[in-house]
Amino acid sequence: MALLEIAGLRKVFGQVVANDHVDLTVMPGETHAILGENGAGKSTLIKMISGLYKPDAGTILFDGALRNFNNPREAIVAGIGVVHQHFMLIPALTVAENVVLGIHGGWGRYDRKTAEEQVSKLSKEVGLPLDPTRKVEDLPVGMQQRVEIVKALYRQAKLLVLDEPTAVLTPQETEDLFEVVHHLNQDGIPVIFISHKLDEVRAVAHKVTVMRAGKTVFESPVGSASAQQLAYWMVGRDIVLQTQRDVVQSGATVLSVNDLTVFDDRHTKKVDNVSFAVKEGEIFGLAGVDGNGQTELVEAITGLRKLAHGSVYLQDKDISRASVAKRIEQGIAYIPQDRQRDGLVLPFSIADNLQLREVSKAPFSKGGWLQKRAARKHAEQLVEEFDIRPRNVDLPVGDLSGGNQQKVILAREMARRPMLLVAVQPTRGLDVGAIEGIHKHLLALRSEGRSILLVSLELDEILMLSDRIGVMHAGHLVAVYNNGEVSREELGLAMTGEITAKEAGA
Amino acid sequence: MKRLWKALSLPLYAVITGLILGAIIMAIAKYNPWSAYGSLLMGAFGNPIAIGNTVSGAIPLMLTALGIAVAFRTGLFNIGAEGQYWVGAMAAVFIGYNFASMPWYFHIPLALIAAMVAGGLWGGVIPGLAKAWVGAHEVITTMMMSYIAILLAHYMVEKGPMMQQGFVPQSPPITSSATLPTILTNSNLSAGLYIALAAVVVVHILLFYTSFGYKLRAVGYNAFAARYSGLPVALYTVLSLGISGVLAGLAGGVQFLGVDYQLTDTFQSGYGYTAIVVALLARNNPLGIVLASIFFSALSSGSQMMQITSGVSANMTDVITGIIIFFVAADRLYAYILRTFRKKQVIAVARKEVQG
Ligand SMILES: Nc1ncnc2c1ncn2[C@@H]1O[C@H](COP(=O)(O)OP(=O)(O)OP(=O)(O)O)[C@@H](O)[C@H]1O
Ligand SMILES: [Mg+2]
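Residue numbers (our numbering), protein chains in the order written: chain A, 1 to 506; chain B, 1001 to 1356.
This is how it looks when you write it as structure tokens:
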């Protein structure tokens, strides 16, 4: 018998029909993947299953009973554990507090020691070890996700739902997560798994359902669906993820980083004496396992973090001590890693977010007055060009799907035709169609002679786009290669620190 | 239009619930709520003079609440507006009884500017810098500064330089050249009304039509994203608290040039606190603040009449205010109740669909 049976689910937001006639059946012990474009309605479906939204129509049958959750709590009590696309943790509390929070009802005393022991034990058992005493705000995203998973399991979830879990994970962390999913399945706990990556779906899921424009349009066992078939059902056209990189004469040096040393907030040396340069019309890919100094390096270049030593030049100007605003003005654009925290003002409309960095300048304001019409026009153009859906520029960005939020940032930063674009994981959370589009945009910028510093945890993306590839390990830039002169294996070795200090074509 | 209604509906529910619960309490205490509210209404709006006094009472609330709303919009909580009001009042009164030879068109603006500068420095710049430099939380600093302001005011009129000759602890009255004219005979309503309304319009324009206001709001909603976009967050913190204090100081100035004329040694206006409720009820919307401040002013100006004619204690209006505060703060509760109600309808529909 099915554990979860959804029939005819529907949800409307104003003009947007986010879910319509959605059917989904999940059997015990299986992993059921949901695929679909950005804005197809996956997260909306999950939010209805977990009691965050009320369905407008349709039924949810879970564990043998018809369910009408009034709030997430009721869904949790029923046994539905959800890790949302954008986490719902309380940053100021510790790991243990977040896990245990709310479970003992409002009046019980919080027994810190027991809670910490329990959390530590449980997290080890499921294969996601955690330090229960750390504050959640100090944890990297990958770890925060562990907290969410452990939290769900602590509440004795009978079903675990993961909304785009791998978008924030490194390849290694993704492997670990799949291991956990397998174990859960063996214990009879089914998992709903949302992803944009077909290979992941193939690796972990038994069944796959495809959503398109709010409807479930296709369901099949994973083994009997080809990649082409799935992609076709998702976007309604064939996708070629093979972008052509035309030859661009790289020119003068745009960014040069010299002997840079940077410390993080806990005063550990995170970037150690790094030097490199990015030229006009060049994409410089920065590869590396997460946490090897890429974040701090990028923050030092964009002005968000002080340099301890060394210098950063944009063309021939020393910007080592320039403010963020100054650097933006000089032509640096930046796509940050955490879109909701650093990239967007969620209650602001799409149009307002698209002018965030340049609001004081023409055409967005004149003599201090906002030019709303110009902002709208600008926004309408970008929404079209970057395929941000829905096309309504007055919509608060917080109401957009995760992938479309990402597109808003991309549109804002790329539209400025920056001299240097620093892009951290630019295609995170985007569907294949959208990734194709963004890659084209990046290459078009390059053809115009702009420079791009691309930081990505995905080797495929780095290999597909970069002219040169630098590898970071433990704060050092251990190697720089010309793309085409290095194999995946060699890159992999460099990333783990097996190869050191090798220079190529710098 | 729909959006406007949505924004208005929850505060409206809060007010209505407050009034209904107030009525129930009166009924339990064996008073007739109808006649009590009737006399409250008469006391507040029954004749032109009553209306004038009600509107007059709304002026300082309006200005102070505007200031609090600006801070809220930037994500800051200015809890010390009461003190900023008093330093504004002191500055205005000081200028007001000196410079007797000045013509009114210099004297009044000078007094008001002094009030604004004093309020801005007190409430904004000092706590703002403390927050920007050492991270001292503005709730604590503005509140502490508020206590200091009130004690300073006591000193000024009891033993200090602003004490009038004689034995009564009060300041000299301001000269006629510094007095805001009354615009409705026999009422308290002064030309300060125009100043308050102008401030409402200016703040509205500032917040929603200038790039400066856009940045204030951006910092308020997401300081991280603001910083990533090159906005100097610390500077905007100081500016926002500064504007907040300027408006509270102006409230004190207008009140003393238009209504009170001299400082006596009771320094409890309560405007700084009621204004927090006004700003919350109006959801930091400048135009909403006009309505909300008139409402709260009416509650207090009508309460005397209510006490005289129907015997209900004037304090009853404080109870109503309390209930409204509770429900404004708890407006999530309304959202919840509304949702549950809608859900029941959904379930009913779903059942029908399942059954046939
Ligand atoms: N709270 C909301 N208010 C208004 N519209 C919403 C809201 N939440 C979602 N939507 C809209 O519903 C549609 C589906 O969004 P949803 O988040 O479910 O997409 P998704 O499939 O999860 O996409 P992604 O892969 O980008 O995360 C989108 O058009 C989105 O803009
Ligand atoms: Mg989503």
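The beta-carbon is built from N, C-alpha and C at its ideal position, and this holds for glycine as well. Everything numeric in this text was worked out from a predicted model, so none of it was measured.
C-alpha gap between G1166/B and L1121/B, whole angstroms | Rounded to the nearest whole angstrom, the CA to CA distance from G1166/B to L1121/B is 32 angstroms.
Nearest to G288/A (by Cα), restricted to the options F62/A, E30/A, I499/A | I499/A
Is V85/A near ligand 2, judged by its Cβ being under 7 angstroms from some heavy atom?
-> The amino acid at residue 85/A is misidentified as Val; the sequence shows Gln. Yes.
Near L1281/B, what residues of its chain come up, given a Cβ to Cβ distance below 6 angstroms and the 5 sequence neighbours on each side ignored?
-> For L1281/B, the CB contacts under 6 angstroms within the same chain, skipping 5 residues up- and downstream, are P1011, A1292, V1328 in chain order.
First and last residue of the uninterrupted beta strand (DSSP E) at L260/A = 253–263
Outcome for M1/A when other beta-carbon atoms lying within 10 angstroms are tallied against a minimum of 16 | exposed
Select from G36/A, A152/A, K42/A, I335/A the residue whose C-alpha is nearest the C-alpha of L89/A.
-> Its Cα nearest to that of L89/A, the residue A152/A stands out among G36/A, A152/A, K42/A, I335/A.
What in chain A is Cβ-close to Y1221/B, meaning under 9 angstroms?
-> The answer, in chain order, is V345, L346, P347, F348.
Can D163/A and I60/A be called in contact, C-beta distance under 8 angstroms?
-> Their beta carbons are not under 8 angstroms apart, which means D163/A does not touch I60/A by this criterion.
Name the chain A residues whose beta carbon is nearer than 9 angstroms to that of K1215/B?
-> Under the 9 angstroms cutoff, chain A gives V359, S360.
Could you name the residues of chain B that A325/A contacts, counting a contact when the two beta carbons are closer than 8 angstroms?
-> G1230, L1231, P1232
Which stretch, first to last residue, makes up the beta strand (DSSP E) that contains G81/A?
-> 80–83
If you draw a straight line from the C-alpha of I1289/B to the C-alpha of I80/A, how long is it?
-> 44 angstroms
Answer yes or no: the CB of D56/A versus the heavy atoms of ligand 2, is any distance below 7 angstroms?
-> D56/A has its Cβ no nearer than 7 angstroms to any heavy atom of ligand 2.
Taking the DSSP output, what are the residues bridged to R10/A?
-> A57/A
Shorter than 8 angstroms from the beta carbon of S365/A to some beta carbon of chain B?
-> yes
Closest Cβ-Cβ distance between D342/A and chain D: below 8 angstroms?
-> Among the protein chains of the structure shown, namely A and B, there is no chain D.
Measuring alpha carbon to alpha carbon, tell me which of A1132/B, S1301/B, A1069/B ends up nearest G1245/B.
-> A1069/B
Determine, using beta carbons only, whether R1073/B comes closer than 8 angstroms to chain A.
-> no
Sort out for me which residues DSSP pairs S349/A with in a bridge.
-> In DSSP, S349/A forms a bridge with P396/A.
R412/A burial status per 10 Å Cβ neighbour count (16 or more: buried) = Per the 10 Å Cβ criterion, buried.
Would D20/A pass as a contact of I6/A if the rule is Cβ separation under 8 angstroms?
-> no
Grab the span of the alpha helix (DSSP H) containing R112/A for me, first residue to last.
-> 112–125
Roughly how many angstroms lie between the CA atoms of Q371/A and S365/A, to the nearest whole one?
-> One alpha carbon belongs to Q371/A, the other to S365/A, and they sit about 5 angstroms apart.
heavy atom of ligand 2 below 7 angstroms from S537/A C-beta | Since the first residue shown for chain A is 1 and the last is 506, residue 537/A is missing from the structure and cannot be characterised.
Of all the CB atoms in chain B, is at least one closer than 8 angstroms to the CB of L297/A?
-> By this cut-off, L297/A is not an interface position.
May I ask whether a heavy atom of ligand 1 can be found less than 7 angstroms away from the beta carbon of A411/A?
-> no
Confirm the yes/no value for this check: CB of N1098/B, any heavy atom of ligand 1, distance under 7 angstroms.
-> Not so, every heavy atom of ligand 1 lies at least 7 angstroms from the Cβ.
Starting from E490/A, trace the alpha helix (DSSP H) both ways and give me its first and last residue.
-> 488–495
Name the residue from G291/A, G470/A, L122/A, K440/A whose alpha carbon lies nearest to the alpha carbon of V141/A.
-> G291/A
Residues of chain B with CB under 8 angstroms from Y334/A, in chain order?
-> Y1228
Own chain, CB closer than 6 angstroms to L1189/B, minus 5 neighbours either side, in chain order = G1052, V1055, S1056, I1183
The alpha helix (DSSP H) enclosing L45/A, as first and last residue numbers = 42–49
First through last residue of the beta strand (DSSP E) which encompasses M472/A = 468–473
Distance between R416/A and S1101/B (C-alpha atoms, nearest Å) | 59 angstroms
Proximity to K215/A [Cα-Cα], best of D399/A, V17/A, G64/A, T302/A = V17/A
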